[in-house]
Every structure is written in C-alpha cells, then in structure tokens.
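First the structure, in the form of structure tokens, and then the observations on it.
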Ligand code: GAL
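Numbering (UniProt numbering), first residue to last: 1 to 972.
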C-alpha cells in the first residue's frame, strides 16, 4: 500500500458517490413492464476487512457452497454475523475523512437466478437496489457493474446485455464503512447490509425513463391543474376527470384537492410507446405566504412525529405490512405528519402516506453530527470536495420521491452544521422542484431554507418565536429574513422512557401563534433490538448490549411506541393533546362547546356520543347532535338532562367524537376525541359519628381494624391482613427525563436526588403518642450526611361506626431544600395475593402532572402486572392520577380498600422502587413472592423532556413544602 498522502484511495474511501450507475429517476410501485424480485436467501461470507478476500467470488464458476446465508433484504449483523453498534453522535472509528479503519467488516453476497420463462426477449433491463449500507460493489455474471454509496437511496445499473435465461450470478460486496459513512452519522444503530429490495426491471423499448407529475390546486376556483412531464413522451389519462393529455400538456379541471385530512387521489395512467405506469394523482399546492406555510390556501398545523425505519428483529429492513401498521397507528392517534428522520424512507412508505393522508418532510440521507465535538473541523458539508456527493444525495431523493402528494417539504439532512454543500443541495432542489418548501434545522440563519426550524426549543422561546420577538441575529439581513419565516419544531418532546412531559403546553402555543405550525415528536419508535435471556425470556437490547467499544446506552429507545409497536403512554397522551376536536363544557350551566380544530375537514365524518357516569358507572347515554362545523368553527350546545343516578356519588359527563364510517385506517366508532365535564364536585370520605381510642392487646397497640407496633408506631396488620408500612416515601426510580442529558446540566434531578440520598432515607421515630382519640407517631425522615429532612407526623384514628382506619400525614421540610421532591406520599406493602386492582379515578393508563391529558376519570380494573409500563430501561412508571379510591384484592375478592382526600396518585407493583431503580433491562425485575408494593402519593414531580429538551415546567414541580394528606383504609 502506498504511503504518500495523495495516494489513490480505494473506491470505498474515495469521496465519489459511485461509478457505473444510471441517473436517478422517479420510483413507481407498478407498471406493466416485467420485474423480478431478487429477495430471499443469498449466499454470504463475512470478512473482517475490506480486502481480506479476493474478488473471485464474483466469477460465475466460483464455488460458494461452503458459505453461510443471509436473508435479503436484511442486515447481516442481525442474522448472526457480527454485531450491531449504537452511537448517537460519535463515529465509532477515528475521524479522518474520507478514510475508514482497516477493520471494515465486508459482506460478500451472492445470488444465482434464472429469468422467468415469460421474461421478454426484447428491450433492456435494469438492476435496482433500493438501499444498501454503506457501500456496494456489484458484478453480474462476472462483469463489474460499478460501485455506489448513499445507503438509503436507490441505485440502478443497466444490465440488459449481461442477462442469460438461467444461471445468472449476481455478486455484491458490501463494506460496512466507506467515505459515505461520514455523511450518515445519524443517531441510530450501525446496520450494514442489503436492507431493501433488489429488483430486476425489464425495460422495453420506449419504456418510461422518468416522469414528473405536477398537480396543483387553486383554492379560489376549486380547480386543479395537471401536467405530467415524461421521458420519453406519451399520454396521460385520468378517467375520473375525463382527461386524456399528451405529456407536457396542462389541463385545468374542477377537482377535490388532496390534503392529509382528505387524501383524495385520482387514478391515472402514463403510457409511452413501451410501458404503462399507474399513477395516483393528488392535487395540492404548498406555499409560504405571509410568513406561514399554506396548503391549498390554508395554514396547516403539523401534529407530527419523526419516524426512523425500525423493526426489533430486522432493523431497517421493514416490510410493507409494518410500514402500513406504522401509518395506521399514526392516523389512529391523530398524527397528521411525518418527518422521515433522517433519510428517505422505503419508497413504498410514501405511497402509503399519499393514500392514508400524512404530510411528509422527506429528509435527505445526510448527517455529519460527529464533527460537532471537533468544532466542525473537516465537516464534509463545508468542503467543496464533498459537494458532488451531497448533491448526488439530494438528486437521488428528489428524483425518486417527486411524485408524491404527501411530500410537502424537502429536508437537506440533519445535524450537519453549516456550509456550502448545503447551499449547493438547496440550489439544485429549488431549480428542479420549486413546488415544495425547503427545510433544514442545523443552520439557524436559515440561509438556505423556507422555514425556520428548531429542535427542543423550550416553551418560553417558542412563545417568543410565535410572536416574532425572538432574540435578534447579528446580521440584520438574515435576521429579517428568518423573522419573516414560518416556524416548526422538527423535533420536540423527547419520548425517551416515561414521558414526554409538557406536550399540552406546547400545543397551546401552536394553537395560539399562527407562526408556530406545530412540531414532530422525537421519535416514533424505540429502537430496542430483540434479545432473549438464557431462560428464553424476550427483552430489548440497547447500546452497550452488543459489546460495543463506544455506545450511547438507551438513548436509542426514545419512541412513542415500544419496540414491538405497542403504544406507550406517551402516544396515548399525544393523541389526546393533538385531537382535532375540542370538547369543553360547564356542568353546572349544562352547556357544551365543540370546536373543530381540523385544518380542512368539517365534522360530518364524526358522530358524537354522551355518557353520564356516577362513580365511574354509566347511568345514561346516547347520541349527541353536533352540526358539521367547518374547520375553526365552534358550536355551543346544551348538555342533555341529567339522568337520575340513584347513588349520589360523584358524577361527570363524558362526550366522545367517533368516526361515523370506516376509513382506510380505522373502523366506524373509532374514538377521535373526547372530553369530560364534571357534573358534581368530589367529596371527601364521609366523617364518622365518633372515633375509637387505641388500646393495648397482646403486646400490640390496637386501633379499630389496625394493630400497631407499640415501640415504633408502625402498622402491622389491618383487619388481620399483614401489612408493611405505610410510611413516608419520596423516592422514585429516576426516569430518563429525571436523569436528563449531560449537555443540559442545570436540573438533572435524577442525579441530584441520588447525590442527596433520597433513595436511602433514615426514619427516626421521635414519639409514639397514644391519646383517647388518636395514635400519633412523630418522625424525622432524612438522608445520611446532611441536615435537611422532613418532619413527618402520622396521625391514626378509627371510626366508631365503620371498620375504617384513617391516616393523616403531615410533612414539614426541615433545612434548606434546593430541589423538588421526586414524589411525596406513603409506601405500603400488602400480601402478594392481592394482585387485582380496581380504582375510581384517572386511567386507564399512567399519568404524571405534565402527562395528564389522556387520563380520564372512570372506574378501572387491571391486574397489578398490567399496571406496569414496560419501559425498555426500567424506571418510574405506572402511577394513576386523581384516584378517589382504590382496592387491591385477591382472586376471591378479599383485600384492602383505600380512599383519599384529596385524590391521590396510585401505584402498585411487585417489586420495590429500589429494585426498579437497579434494573437495566426488563428481565432484571423479578416479582416478589410475598409483597405487592403500593405507593399512595399526594404529589409527584412532573416528567418534562430533559433527556433531550426542557425540564419540568414550574407548575408541575413538586417543591419541598409543608403538606398534609389523608387516607382511609379498610378491609374488604
Ligand atoms: C436530535 C437528533 C436525533 C436524535 C435526537 C435525540 O439532536 O436529530 O437524531 O439524536 O436528537 O434523541
């Protein structure tokens, strides 16, 4: 190997995007030209370096019978060859662009195929790769076709002359690392392989090489204009519109426009001499006007998510069913927009977005984040030698995806700093497709973009941006330009672990300021990789679980879906926060206000129902007539007459908006929005006629149904049921958001709490006072090595006329507390047999002070096991909000009941908080054979989004302050 600095680099290290390929062009799902999928089991050999093996495997007569196999599409590291690596920002090798390490895992792939009998004899053929990470060199029948880079972009080679009727040998050498890797430093697993389809396409004479559908909509006239440019020319027919046009010719006709809410597509056909291509045309016009992004003349509000392609078993090889499942789940959760972070998705995904109705930011496969800690020294985005590779990526994205109605923005990439390469990409895109908005977040000057985009900006700043009063830029011209642009949060509300908190507060800003056109939650799905324990238990691995030299732990698990695509509480919360119908009312006045917050659809697609519930039990209900309000309109209605409840318990109205008819993504009856309106106010548990006096019995102190330890005042049993506690508890297993991100050091309370010692409190008993009407236990609860503490007084009483034991806890902070408390309440252990929970209060899922919107008041029943939220990295979870009463019972219905005043947070689990805190993965948690641990909390610290974003907003912080709260316990 040469040692001169300007040595010729091997193809996988040079900066070129590739050699030998065809120019990029439009993708299409269907045409009448023959195609042959080459997926399946391919022969496979892994080498530790790029040159460990010679290239003789590409020869047709090579004997690969001793090789292993991999499934294509697929990643070899998820199929038993090597291992995946997770890093967020870091390049997992020395940064020396464009060079990569000698240890460059290289997968040789080999597939032998025959042409189908009916494969046309005429014309040519193209071999198409939809995605290979990160660099491929390709041979067909021993002939080298070329090399390509650009992992999540298509690449094609002309192969017509090389094909034989049978025994074709396709050989592909894939290098994990290449110069292209420097442009693909996204926060995700490094997953080499041929992870999207490989297809052989017949190209008849006069086949469609490329086509560009221009379909705009003029909202003033209600007309759409269609022009299809194609190479070679031909005709376009749209039967439903009676159109039969030459390519290049325009026609303007009355149409129904395409929007994400009303995804109207027209079937069309493009026919050239040699091929017929099926098109689906959506008419819509996207502009930035008066500082606002408008589609078809209307401001749109993005209720979005960032979606990586991910499957826990197959990585970024995601099949069509899973893509559809993602979009159906999004639609069912009121999500209307996707940013394809951080690369163009599988092309079929965009077809599904057209069909189901999602606004799409299509992002280029470009990120150079690993240069940030080098002060952006050597950043390829600001180095002209890389510009051809960058523009090649922009072209491959735009040419492939230009015909999708759903794509409203092109994004240049993610986190690449700033530089001339980005300008070159933007210039190329603007020239080729001026019909869409250009997005890039990493350049705050917005030099190349049509929209001001940020990630994780705190609420306060978003409020200022909304008013266009944000801090000024030094450059007055750039400042004026940016201030006039519309604003989006391309990432916000980091959904890592429990959370994100603060969604409602963001939504309020988006609905207040015209400039704030919504955001995209980071991110859609946890990228946990399926693993099994020695005993065969399934769990999800994250960074560090695969022997990586450098890794970023569970930062890769920050989605609204768990890896198996079960919605997390964060998604349920998001659905409620962004619901496109607002339902409010005043129970006392008997009034109801319905507001349509769609951008385009009226309410005729919904029906409304009402229910009147007393103590969570429905005692009346029916349909509610709501006019088909236009977007933005409200109607004031009267609530129905109150049904008689019979019980006199707390009552409320629940009003729901449901789909009137089946859609492509949900059935009629699917709930889109809901609201609850209190009809009565909650009342404290009724006071009894009198109270009992504590008495001594067999060495214990007895008060009503409770037996206490006379020395410590601890409750030992309740009506004969052994219990542990209750005693003060302020600790919770820190959430990822409690722990916060290292680059946001101010309020990393998970660490502050641990340093303070809140997980190892000492409970000193100062007095056990027995009086005629109460047992009072005075304690001081404090961590070692500090003088702060919590004076805690437990006052026990028992009713004369009911078998109830009442506890009032008074807490007074001592010393200088400089942080909020994780929680404030009591912890109680009850026998493990009490595995069934029932409660009246918020549910069915967990809630915390700032993740509370989706918690609805009702009567809920779940097992203790079902009350757990299985965060990939175990952490605080499972609290139910606003609980008036709760019961824990065994299978026969015997157990314990708790009422609270004021309502409390109810948590029950089969392990202690300390065990939850210590666990790294879900199998680390083993249920106790003896005890169900119950937390009854007066307060909980909010969740926030500080794993990457703002912390807990002031109203949701649980400051250390004097507090008093009560519970009544009884046996059932
Ligand atoms: C952003 C980045 C994402 C992801 C996120 C944190 O900075 O664009 O790719 O890393 O932070 O999870």
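Note that beta-carbon positions come from the ideal geometry of N, C-alpha and C, so glycine has one too.
| Query | Result |
| --- | --- |
| So, is residue 187 buried or exposed, given that buried needs 16 or more other C-beta atoms within 10 angstroms? | buried |
| Return the first residue and the last residue of the beta strand (DSSP E) that residue 940 is part of. | 931–940 |
| Does residue 628 pass the burial test, meaning 16 or more other C-beta atoms within 10 Å, or should it be called exposed? | exposed |
| Just to confirm, are residue 823 and residue 940 a CB contact at a threshold of 7 Å? | yes |
| In whole angstroms, give me the CA-to-CA distance for residue 256 and residue 297. | 14 Å |
| Specify the secondary structure class of residue 923 as computed by DSSP and reduced to three states. | helix |
| In the structure shown, what three-state DSSP assignment does residue 397 receive? | helix |
| Output needed for residue 303: all residues of its chain with C-beta closer than 7 Å, excluding positions within five of it in sequence on either side, in chain order. | 334, 335, 336, 337, 518 and 578 |
| How about residue 33 and residue 309: are their beta carbons less than 7 Å apart? | no |
| With residue 753 as the anchor, note down where its alpha helix (DSSP H) starts and where it stops. | 749–756 |
| Per DSSP, residue 279 forms a beta bridge with which residues? | 268 |
| Identify the residues that DSSP records as bridge partners of residue 638: which are they? | 591 |
| According to DSSP, simplified to helix, strand and coil, what is residue 659? | strand |
| Compute the Euclidean distance between the alpha carbons of residue 20 and residue 948, then round it to the nearest angstrom. | 43 Å |
| Pop quiz: residue 652 and residue 669 are said to be a contact at Cβ under 8 Å. What is the actual Cβ separation, rounded to whole angstroms? | The pair is not a contact, with the Cβ atoms about 22 Å apart (cut-off 8 Å). |
| Looking at ligand 1, does it come within less than 6 Å of residue 948, judged from the CB to the closest heavy atom? | yes |
| Would residue 267 be called buried (16 or more neighbouring beta carbons within 10 Å of its own) or exposed? | exposed |
| Measuring CB to CB, does residue 408 end up less than 7 Å from residue 238? | no |
| Is residue 965 helix, strand or coil by DSSP? | strand |
| With a threshold of 6 Å (Cβ to nearest heavy atom), would residue 558 be considered close to ligand 1? | yes |
| For ligand 1, I want to know if residue 376 counts as a neighbour, meaning its beta carbon is within less than 6 Å of at least one of the ligand's heavy atoms. | no |
| In whole angstroms, give me the CA-to-CA distance for residue 318 and residue 966. | 52 Å |
| Quick one, are the C-beta atoms of residue 162 and residue 140 less than 7 Å apart? | yes |
| Within 10 angstroms of its Cβ, does residue 59 collect 16 or more other Cβ (buried), or is it exposed? | exposed |
| Determine the direct distance from the alpha carbon of residue 958 to that of residue 968, and round the result to whole angstroms. | 24 Å |
| For chain B, find out if any of its Cβ atoms is closer than 7 Å to the Cβ of residue 748; answer yes or no. | Of the chains in the structure shown, none is chain B; there is only one protein chain. |
| Relative to ligand 1, is the shortest distance from any of its heavy atoms to the C-beta of residue 187 smaller than 6 Å? | yes |
| Could you please give the first and the last residue of the uninterrupted beta strand (DSSP E) stretch that includes residue 902? | 895–909 |
| Have a look at the DSSP bridge pairing and note the partners of residue 455. | 491 |
| Assuming contact is defined by CB atoms lying nearer than 7 Å, are residue 793 and residue 864 in contact in what I supplied? | no |
| Is residue 389 helix, strand or coil by DSSP? | helix |
| Any contact between the segment 742–752 and the segment 760–775? By contact I mean 3 or more CB pairs, one from each, below 8 Å. | no |
| Give me the Cα-Cα distance between residue 377 and residue 13, rounded to the nearest whole angstrom. | 19 Å |
| Apply the 10 Å Cβ neighbour rule to residue 508 and answer buried if 16 or more other Cβ atoms are within range, or exposed otherwise. | exposed |
| Just to check my reading of the structure: residue 393 and residue 365 have Cβ atoms closer than 8 Å, yes? What is that Cβ distance to the nearest angstrom? | 6 Å |
| Measure the Cβ-Cβ separation of residue 942 and residue 848 and say whether it is below 7 Å. | yes |
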